[in-house]
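Undergrad: Sharing a structure here in structure tokens format.
2 protein chains.
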Amino acid sequence: MSLAPGSTIGIVGGGQLGRMLAMAAARLGYKCHIYAPDELPPAAEVAAGFTRGAWEDEAALADFGREVDVATYEFENIAAAPLAALAAQVPLHPPAEALAVAQDRLNEKSFVAALGGSPAPFRPVNDRTGLDEALAALGVPAVLKTRRFGYDGKGQARIMRPSEAEEAWASVRGAPSVLEAFIAFDSEFSILLCRGSDGETVIWPAPSNEHEGGVLRRSRAPAEGLDAQVAEAEALAREAAEALDYVGVLALEFFATSEGPVFNEMAPRVHNSGHWTVEGAVTSQFENHVRAICGLPLGATALTGAWVEMDNLIGGAADGWAAILADPAAHLHLYGKGEARPGRKMGHVTRVFR
Amino acid sequence: MSLAPGSTIGIVGGGQLGRMLAMAAARLGYKCHIYAPDELPPAAEVAAGFTRGAWEDEAALADFGREVDVATYEFENIAAAPLAALAAQVPLHPPAEALAVAQDRLNEKSFVAALGGSPAPFRPVNDRTGLDEALAALGVPAVLKTRRFGYDGKGQARIMRPSEAEEAWASVRGAPSVLEAFIAFDSEFSILLCRGSDGETVIWPAPSNEHEGGVLRRSRAPAEGLDAQVAEAEALAREAAEALDYVGVLALEFFATSEGPVFNEMAPRVHNSGHWTVEGAVTSQFENHVRAICGLPLGATALTGAWVEMDNLIGGAADGWAAILADPAAHLHLYGKGEARPGRKMGHVTRVFR
């Protein structure tokens, strides 16, 4: 059953991902309705409707649910209960189960390991003693990460020496966490997959990614010299999507190592490392996500050029828009966020090389 | 002086052209504010703001003017006086003079002829006697067109025999008109130009166009076998833009004939025959229009493939969206218009051939 153009898509979350989803949906003739706690979220500026409410406000979320024909989310740190209530009201894609897996690092790693994937060696850490035990098992260097509510490098502490355990534990404020062995990697890449409601699955050429301080700086597609690792990672991504009966775009991040691809994390949504697909692929991740959640056939994912490069504009970098526009082939994207705080993703720029 | 992203662009007109302009503007970080008489215009669904008002309502237009930093229009049948009032309030691009020329067929043809261009032979017709005189001068077949408020074949009557003059005159309801000699043409093409506020001018590869019943059905770029005629038409378009001190996208339509390009009409705005530029050119007509009116440098206009085809979806044709989406390389655009009335432009589909 497909949802006809003219119907209303609800998007939980009002950031740049929601903004780009809303524009892709509008192009296909859908109306969008945004749910977010902010007064003027970037996505609401390009959407037909907006309900302002806190993430955990079930009454506001129910009001939102009454306005929409299908719902999706662009923000993964939402509690399970309000989202389950929404899913009882309208079709919700990707499924809440995918969110439950992805928003908890322990669930996520266990899920991937059960499918035969290779996360970095990890141990759950529930208290200070548990951290010492995990360090003894995994050695240093290692990374302590909160199980939930981490993104863009937040909620993480690197432990280079056992003596740093105390400080790391303080930095996660005693939250349930996971200790991961530090992985020596050559490069990073991600798999961007979209699965339709009929199980049809498409995968974009994998981008290689560069992070700084836990934040994505640059993606380049296709990733070079990683064909075997990408193929292995693609197979894992397909299995993950199948297992979750997934509908929509799913992103999995990997470290390329001498021993093969090591799973890092997954996101049950459109992903920053797929922003290049707007100009660099026949169909963007945003459009295919919309197609999937509306039960439409998926669009082609081939590159539109020989290779594509996407640079994030973080904090003050967005102030350089004039210089970026001076390159007639640069595709500038600004998200309409007011204040360019340090570390804040303000926009990105894509270049397609033909 | 360029207008920084984050500023608000006012768009007079709320149809699909405004909708696509608003999305291009949002991508660059601008807010858009729509002015239109309709309750729920397609453009307002993707814009941050909307003022509802009649075209001639100067008070409402002044309210709109207070909300925006720069204004443009996507609808050319607006009276000069309200637009002049708006131009006194905020920068208005393209200039009102361009609109004054383009919205009157007599002015338009005279303007182009004065630049050395070749419109079809024409005579002004102000009364019934004038029509007979014009028919005697130009012969039949000929086309009687109202000077103002014509678009998509509306306000036109073909005269095959002198005896049809009476009926033609009745059909234009006695409005000031122009009689044009009928042109035997091989094909049609258009020139899509964008001129920046510093005079920088870019031109997209010219599309060939097919009309049915006065309505564009298909554009294909680049137009084939017309290099010399296209070059001549491009030179005329550049001169026209210069003469008007034009800022923004300007479209000129031509008939390709054995005697060279014959000017048909111009539109001081983004144009249906340029919709293929969204996926088929490095920079779309919508983005370059936004760049121009904001005083930014213009983007590249090269094709992204070997050739590009755009088919309009008129009336019930938009109901075929499912079949269109079954082609994974088709780019579907639906405008969010409620009712698929016969002849109404509901969307378009673009295919890029690589």
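Protein chains in written order, with the working numbering: chain A, 1 to 354; chain B, 1 to 354.
Quick reminder that beta carbons are idealized off the backbone N, C-alpha and C, glycines included.
Note that the structure is predicted; figures quoted are calculated from it, not measured.
Exposed or buried, B:K154, counting other C-beta atoms within 10 Å across all chains shown (16 or more means buried)?
TA: Residue 154 of chain B sits at position 154 when you count from the first residue of the second sequence. Flag for B:K154 reads exposed.
Undergrad: How about A:K337 and A:I314: are their beta carbons less than 8 angstroms apart?
TA: Position 337 of the first sequence, counting from 1, holds the residue named residue 337 of chain A. Position 314 of the first sequence, counting from 1, holds the residue named residue 314 of chain A. No, the Cβ-Cβ distance between A:K337 and A:I314 is not below 8 angstroms.
Undergrad: Can you pull the chain B neighbours of A:W321, defined as C-beta to C-beta under 9 angstroms?
TA: As a first step, residue 321 of chain A is located in the first sequence; it is residue number 321 there, counting from the start. Near A:W321 (Cβ distances below 9 angstroms), the residues of chain B are A4, P5, L28, G29 and L296.
Undergrad: Thinking C-alpha only, which one of A:D327, A:G295, A:F353 and A:L303 is nearest B:A326?
TA: Working through the second sequence from its first residue, we reach residue 326 of chain B at position 326. Checking every option, the nearest Cα to that of B:A326 belongs to A:G295.
Undergrad: How would you call B:A237, buried or exposed, if buried means at least 16 neighbouring beta carbons within 10 angstroms?
TA: Position 237 of the second sequence holds residue 237 of chain B. Under this definition B:A237 is a buried residue.
Undergrad: I need the DSSP call for A:S258, collapsed to helix, strand or coil.
TA: Stepping through the first sequence from its first residue, residue 258 of chain A is reached at position 258. Here A:S258 sits in coil by DSSP.
Undergrad: Within a Cβ cutoff of 6 angstroms, which residues of the same chain sit near B:G316, ignoring the five residues on either side of it in sequence?
TA: Here residue 316 of chain B corresponds to residue number 316 of the second sequence, with the count starting at 1. Same-chain partners within the cutoff: A340.
Undergrad: Determine, using beta-carbon pairs with one atom in the stretch 54 to 67 of chain B and one in the stretch 105 to 112 of chain B, whether at least three such pairs fall under 8 angstroms.
TA: Segments in contact, no.
Undergrad: What runs of the beta strand (DSSP E), each 3 residues or longer, lie entirely inside the stretch 94 to 176 of chain B?
TA: With a minimum length of 3 residues, the continuous beta strand (DSSP E) runs that stay inside the stretch 94 to 176 of chain B are 122 to 125, 142 to 146 and 156 to 159.
Undergrad: Terminal residues of the continuous beta strand (DSSP E) containing B:M346?
TA: For this step, residue 346 of chain B is matched to residue 346 along the second sequence. Here the beta strand (DSSP E) through B:M346 covers K345 to F353.
Undergrad: Grab me the residues of A:V172's own chain with a C-beta within less than 7 angstroms of its C-beta, minus the 5 sequence neighbours each way, in chain order.
TA: For the purposes of this step, residue 172 of chain A is taken as the residue at position 172 of the first sequence. Hits under 7 angstroms: L144, T146, G155 and A157.
Undergrad: Taking B:P261 as the reference, which of B:A102, B:A136 and B:V230 has the closest Cα?
TA: Reading the second sequence from its first residue, position 261 is the one you call residue 261 of chain B. Nearest C-alpha to B:P261: B:V230.
Undergrad: Nearest CA to the CA of A:E164: which residue from A:F189, A:P176 and A:L131?
TA: Position 164 of the first sequence, counting from 1, holds the residue named residue 164 of chain A. It is A:L131.
Undergrad: Strictly under 8 angstroms for the Cβ-Cβ distance: is B:E45 near chain A by that measure?
TA: Position 45 of the second sequence, counted from the start, is the residue given in the question as residue 45 of chain B. Judged by the 8 angstroms Cβ criterion, B:E45 is in contact with chain A.
Undergrad: Exposed or buried, B:M1, counting other C-beta atoms within 10 Å across all chains shown (16 or more means buried)?
TA: Position 1 of the second sequence, counted from the first residue, corresponds to residue 1 of chain B. Flag for B:M1 reads exposed.
Undergrad: Shortest alpha-carbon distance to B:T257 belongs to which of B:P342, B:G280, B:H289 and B:E232?
TA: For the purposes of this step, residue 257 of chain B is taken as the residue at position 257 of the second sequence. Out of B:P342, B:G280, B:H289 and B:E232, B:E232 has the C-alpha closest to the C-alpha of B:T257.
Undergrad: Between B:P328 and chain A, is there a C-beta pair that is closer than 8 angstroms?
TA: The sequence position of residue 328 of chain B within the second sequence is 328, counting from 1. Yes, because at least one Cβ of chain A sits closer than 8 angstroms to the Cβ of B:P328.
Undergrad: Start and end of the beta strand (DSSP E) containing A:H331?
TA: The residue given as residue 331 of chain A occupies position 331 in the first sequence. It spans H331 to L334 - the beta strand (DSSP E) in which A:H331 sits, taken as one unbroken run.
Undergrad: Out of A:G199, A:L334 and A:E234, which one is the CA nearest neighbour of A:S190?
TA: If you number the first sequence from 1, residue 190 of chain A lands on position 190. Out of A:G199, A:L334 and A:E234, A:E234 has the C-alpha closest to the C-alpha of A:S190.
Undergrad: So what does DSSP say about B:M1, is it helix, strand or coil?
TA: Within the second sequence, residue 1 of chain B is the residue found at index 1, counting from 1. Note: B:M1 maps to coil in three-state DSSP.
Undergrad: If we count the other Cβ atoms within 10 Å of its Cβ and call it buried at 16 or more, is B:G116 buried or exposed?
TA: Taking the first residue of the second sequence as 1, we reach residue 116 of chain B at position 116. Under this definition B:G116 is an exposed residue.
Undergrad: When we look at the beta-carbon of A:D127 and count the other beta-carbons within 10 Å, is it buried (16 or more) or exposed?
TA: Your numbering for residue 127 of chain A matches position 127 in the first sequence. With fewer than 16 other Cβ atoms within 10 Å, it is exposed.
Undergrad: If we cut at 8 angstroms on Cβ distances, does B:Y335 have a partner in chain A?
TA: Mapped onto the second sequence, residue 335 of chain B falls at position 335. True, the Cβ-Cβ gap to chain A drops below 8 angstroms.
Undergrad: In whole angstroms, what is the alpha-carbon distance linking B:R291 and B:I11?
TA: Within the second sequence, residue 291 of chain B is the residue found at index 291, counting from 1. Within the second sequence, residue 11 of chain B is the residue found at index 11, counting from 1. Their Cα atoms are separated by approximately 14 angstroms.
Undergrad: If you draw a straight line from the C-alpha of B:A330 to the C-alpha of A:D245, how long is it?
TA: Residue mapping note: residue 330 of chain B aligns to position 330 of the second sequence, counting from 1. Residue mapping note: residue 245 of chain A aligns to position 245 of the first sequence, counting from 1. Cα to Cα, the separation comes out at about 27 angstroms.
Undergrad: Output, in chain order, the set of chain B residues within a Cβ distance shorter than 8 angstroms of A:V270.
TA: Along the first sequence, read from residue 1 onward, the residue named residue 270 of chain A stands at position 270. Correct list: empty, because the minimum Cβ distance to chain B is about 15 angstroms.
Undergrad: At a cut-off of 7 angstroms, would you count B:H33 as near the ligand ADP, judging by its Cβ distance to the nearest heavy atom?
TA: As presented, the structure is devoid of all ligands, the ligand ADP included, so that no description of it is given.
Undergrad: Provide the residue(s) that pair with A:T201 in DSSP beta bridges, ordered along the chain.
TA: By 1-based counting over the first sequence, the position of residue 201 of chain A is 201. Bridge partners of A:T201: A:R195.
Undergrad: Would you report the Cα separation of B:T304 and B:E279, rounded to the nearest angstrom?
TA: The residue labelled residue 304 of chain B in the question sits at position 304 within the second sequence. The residue labelled residue 279 of chain B in the question sits at position 279 within the second sequence. Spanning the two alpha carbons is a distance of roughly 7 angstroms.
Undergrad: Tell me which residues share the same chain as A:R218 and place their Cβ nearer than 8 angstroms to its Cβ, disregarding the 5 neighbours each side in the sequence.
TA: Taking the first sequence and counting its residues from 1, the one referred to as residue 218 of chain A is at position 218. If we look at A:R218 and ignore the five residues flanking it on each side, its Cβ neighbours are N209, E210, E309, M310, D311 and N312.
Undergrad: Compare the beta carbon distance of A:V140 and A:R195 with 8 angstroms and say whether it is the shorter of the two.
TA: Looking up residue 140 of chain A in the first sequence gives position 140. Looking up residue 195 of chain A in the first sequence gives position 195. Going by C-beta atoms, A:V140 is not nearer than 8 angstroms to A:R195.
Undergrad: Which residue wins for smallest C-alpha separation from A:E188, given the options A:P162, A:A306, A:L226 and A:R161?
TA: In the first sequence, counting from the first residue as 1, residue 188 of chain A sits at position 188. A:E188 has its Cα closest to that of A:L226, out of A:P162, A:A306, A:L226 and A:R161.
Undergrad: Can you pull the chain A residues whose beta carbon is under 8 angstroms from the beta carbon of B:A240, in chain order?
TA: The sequence position of residue 240 of chain B within the second sequence is 240, counting from 1. Within 8 angstroms Cβ-Cβ: nothing; B:A240 doesn't reach chain A, min ~23 angstroms.
Undergrad: Alpha carbon to alpha carbon, what distance is there between B:G18 and A:N264?
TA: Here the question's residue 264 of chain A lines up with position 264 in the first sequence. Here the question's residue 18 of chain B lines up with position 18 in the second sequence. For A:N264 and B:G18, the distance between alpha carbons rounds to 43 angstroms.
Undergrad: Taking A:H289 as part of the alpha helix (DSSP H), name the residues at either end of that continuous run.
TA: Your numbering for residue 289 of chain A matches position 289 in the first sequence. Note, A:H289: alpha helix (DSSP H), Q285 to I293.
Undergrad: Please state whether DSSP places A:F64 in a helix, a strand or coil.
TA: For the purposes of this step, residue 64 of chain A is taken as residue 64 along the first sequence, with counting starting at 1. Helix at A:F64.
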